[in-house]
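For the sequence shown, position 194 matches number 333 in this note's numbering, and the numbering has no gaps at all. Idealized CB from N, CA, C, for every residue including glycine. Taking it in order: structure first as structure tokens, then the write-up.
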Amino acid sequence: MILKFNIAVKTIALLSIIIVVSAMQLNAQFIKDNYEVGLSGSLGSLSESSSSNYSGNYSTNNFTFLTLFADYYFLDGISVEPELGIFAIDNNSPAQFFIANICYTKMRRNSPFAFFVKLGYGISNSIILSSTSKSLIEGKDNFDTRIVNVGMGVKYILNSQIALRGECNYKFQKRAVTYVPLTGKSFTYDDKYETFSLAFGASYLF
């Protein structure tokens, strides 16, 4: 009798564990009408090129990104992701940016890992020249730099609500700048930026 009781208890405990784990996996599978909010940061290098009819230059500097994001899954695995952030370089004023991304997340079967990719377009108020020059931010509301954003990475599901993430990210930025010299004719040139970075963060799923 005692043996049968122990077997029944073990069976109930095993079924309970299976139910809990299944619920955790289902809740973490990034399904329709779910949300994900999080914070990520990164360090990387900034490559800048400027060209005009008169001259051209190229430079590389280190930078820091800090990003707040929020996803809404309108289909299983597919989400819209508004992204707000700042980036800064030594001796420069921090700049702000806003990007709208479309993301796809694929949960691996019987695994705590999920893979994701994203593509987005956004704006920024930055025009950072170099680590020895000041940012030419004409105004906090002057968001005239255009950004193309591409990312891919891995999410690690800690439990039904918390995920860690790592991301390889590429941003291309472009802005037209008009220079008016004290003497002579004004001219316009393009500032272009390519940023490559590794971002790490965490998110909350609900």
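| field | Per-residue burial, Phe345 [other beta carbons within 10 Å of its own, 16 or more giving buried] | value | Along the sequence shown, read from residue 1 onward, the residue named residue 345 stands at position 206. Flag for Phe345 reads exposed.
Review point. Based on Cα-Cα distance, which residue from Val256, Leu205, Phe335 lies nearest to Val293?
Key: Taking the first residue of the sequence shown as 1, we reach residue 293 at position 154. It is Val256.
Q. Got a sec? Which residues, its chain only, sit under 7 Å from Asp130 by beta carbon, not counting five neighbours each side?
A. Outside the shown range of the chain, which is 140 to 345, sits residue 130, and nothing can be said about it.
Of the residues Arg285, Ile225, Phe237, Ser299, which one's Cα is nearest the Cα of Glu175?
-> Working through the sequence shown from its first residue, we reach residue 175 at position 36. Nearest option by C-alpha distance: Ser299.
**Where Ser265 sits in the DSSP three-state scheme** = In the sequence shown, the residue the question calls residue 265 occupies position 126. If DSSP states are grouped into helix, strand and coil, Ser265 belongs with coil.
* May I have the straight-line CA-CA distance separating Ala232 from Gln312, to the nearest angstrom? => Here residue 232 corresponds to residue number 93 of the sequence shown, with the count starting at 1. Here residue 312 corresponds to residue number 173 of the sequence shown, with the count starting at 1. The sequence as given places Ser at residue 232; Ala does not occur at that position. Across the structure, Ser232 and Gln312 are spaced so that their CA atoms are roughly 17 Å apart.
> Which value, in whole angstroms, describes the spacing of the CA atoms of Tyr332 and Val287?
Replying inline: Here residue 332 corresponds to residue number 193 of the sequence shown, with the count starting at 1. Here residue 287 corresponds to residue number 148 of the sequence shown, with the count starting at 1. Tyr332 and Val287 have their C-alpha atoms roughly 10 Å apart.
| query | Tell me which same chain residues have a C-beta within less than 7 Å of the C-beta of Gly216, skipping the five on either side of it? | reply | Looking up residue 216 in the sequence shown gives position 77. Spatial neighbours of Gly216 in its own chain (CB-CB distance under 7 Å, excluding positions within 5 residues in sequence) are listed in chain order as Phe169, Tyr243, Thr244, Lys245.
Q) Does the beta-carbon distance from Lys171 to Phe226 come in below 8 Å? A) Start at 1 with the first residue of the sequence shown, and residue 171 comes out as number 32. Start at 1 with the first residue of the sequence shown, and residue 226 comes out as number 87. For Lys171 and Phe226, no; Cβs fall outside 8 Å.
Between Ile238 and Ser250, what straight-line distance do the alpha-carbon atoms span, to the nearest angstrom? Numbered from 1 along the sequence shown, position 99 holds the residue referred to as residue 238. Numbered from 1 along the sequence shown, position 111 holds the residue referred to as residue 250. Between the alpha carbons of Ile238 and Ser250 lies a distance of about 30 Å.
- Query: Can you give the Cα-Cα distance for Asp330 and Ala234, rounded to whole angstroms?
  - Reply: Here the question's residue 330 lines up with position 191 in the sequence shown. Here the question's residue 234 lines up with position 95 in the sequence shown. When the Cα atoms are used, Asp330 and Ala234 turn out to be separated by approximately 15 Å.
Exercise. Would you report the Cα separation of Leu258 and Gly290, rounded to the nearest angstrom?
Worked result: The sequence position of residue 258 within the sequence shown is 119, counting from 1. The sequence position of residue 290 within the sequence shown is 151, counting from 1. A direct Cα-to-Cα measurement between Leu258 and Gly290 gives close to 7 Å.
**Q.** Simplified DSSP assignment, three categories, for Phe345
**A.** As a working note, residue 345 is residue 206 in the sequence shown. Reduced to three states, the DSSP call for Phe345 is coil.
Best match in Pro221, Asn308, Tyr211 for proximity to Ile262 [C-alpha to C-alpha]:
The residue labelled residue 262 in the question sits at position 123 within the sequence shown. Nearest C-alpha to Ile262: Pro221.
Query - DSSP three-state assignment for Leu165, whether helix, strand or coil - result: Along the sequence shown, read from residue 1 onward, the residue named residue 165 stands at position 26. Low confidence applies to Leu165: its pLDDT is 42, below 50, so where it sits in the model is not reliable, and the reading given next is rough at best. Residue state, collapsed to three classes: helix.
Requested in this report: Determine which residues share a DSSP beta bridge with Leu337 and list them.
Outcome: Numbered from its first residue, the sequence shown carries residue 337 at position 198. Its beta-bridge partners are Leu182, Cys307.
(request) Could you check the C-alpha separation between Leu337 and Thr322 for me, to the nearest Å? (result) Residue 337 sits at position 198 when you count from the first residue of the sequence shown. Residue 322 sits at position 183 when you count from the first residue of the sequence shown. C-alpha of Leu337 to C-alpha of Thr322: approximately 45 Å in a straight line.
_Could you check whether Arg304 and Ala341 sit closer than 8 Å to each other, using their CB atoms as the reference points?_
Counting from 1 along the sequence shown, the entry for residue 341 is found at position 202. Counting from 1 along the sequence shown, the entry for residue 304 is found at position 165. Cβ distance < 8 Å, so Ala341 and Arg304 count as in contact.
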